[in-house]
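Some notes on the structure that comes next.
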């Protein structure tokens with residue numbers, strides 16, 4: 003199950019410890035005599051068949067950084083053939099939305115925690131086929147608008163009447 007959550011969040015560095023805490027207080031995770039986790043059940047051997055529809059549990063990835071996820075068991079049983087087209091051998095993510103946060107908190111490629119962020123490209127990489135695309139000063143007069151709106155992006159190039 004931990005692999006399914008990690009797959010859903012596109013985590014590539016899975017060398018960190020993880021743990022589940024069930025609604026009854028049971029803790030499942032990596033067991034190790036050198037760790038202070040004598041009350042943790044080995045999640046590699048545990049079966050999660052006892053989970054009930056609507057039940058909530060917590061999954062924590064990287065016990066040092068504490069990436070905590072509140073999980074809820076779905077209320078409807080899914081037909082894996084209908085939903086996925088296969089019967090997966092293990093729990094499998096099948097739907098998601100939003101941005102995936104970087105596992106180490108980086109905001110951009112090469113973020114070292116001290117450098118200034120690069121400029122926001124906005125729509126500068128797109129061809130200037132729409133008034134707000136590309137690098138230009140766009141003067142846009144919208145029909146029915148009482149004034150001319152000017153958007154300064156980068157290079158003077160276009161004046162568009164709508």
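In the numbering used here, the protein residues as written are 3 to 164.
Note that CB positions come from ideal geometry on N, CA and C, so glycine has one too.
Proximity below 8 Å, CB of residue i to CB of residue j
i          : j          : result
residue 21 : residue 72 : no
residue 56 : residue 75 : yes
residue 29 : residue 23 : yes
residue 4  : residue 98 : no
residue 95 : residue 6  : yes
residue 83 : residue 70 : no
Cut-off 8 Å between Cβ atoms - residues of its own chain near residue i, not counting five sequence neighbours on either side
i          : result
residue 68 : 62
residue 13 : 63 and 105
Distance between beta carbons of residue j and residue i, contact taken as under 8 Å
i           : j           : result
residue 53  : residue 32  : With 8 Å as the limit, residue 53 and residue 32 do not qualify as a contact, their Cβ atoms being about 20 Å apart.
residue 119 : residue 110 : 6 Å
Buried/exposed call for residue i, threshold 16 Cβ in 10 Å
i          : result
residue 26 : exposed
residue 81 : exposed
residue 8  : buried
Nonlocal neighbours in the same chain, by C-beta distance under 6 Å from residue i, ignoring five residues either side
i          : result
residue 93 : 3 and 6
Nonlocal neighbours in the same chain, by C-beta distance under 7 Å from residue i, ignoring five residues either side
i          : result
residue 36 : none
residue 89 : 82 and 83
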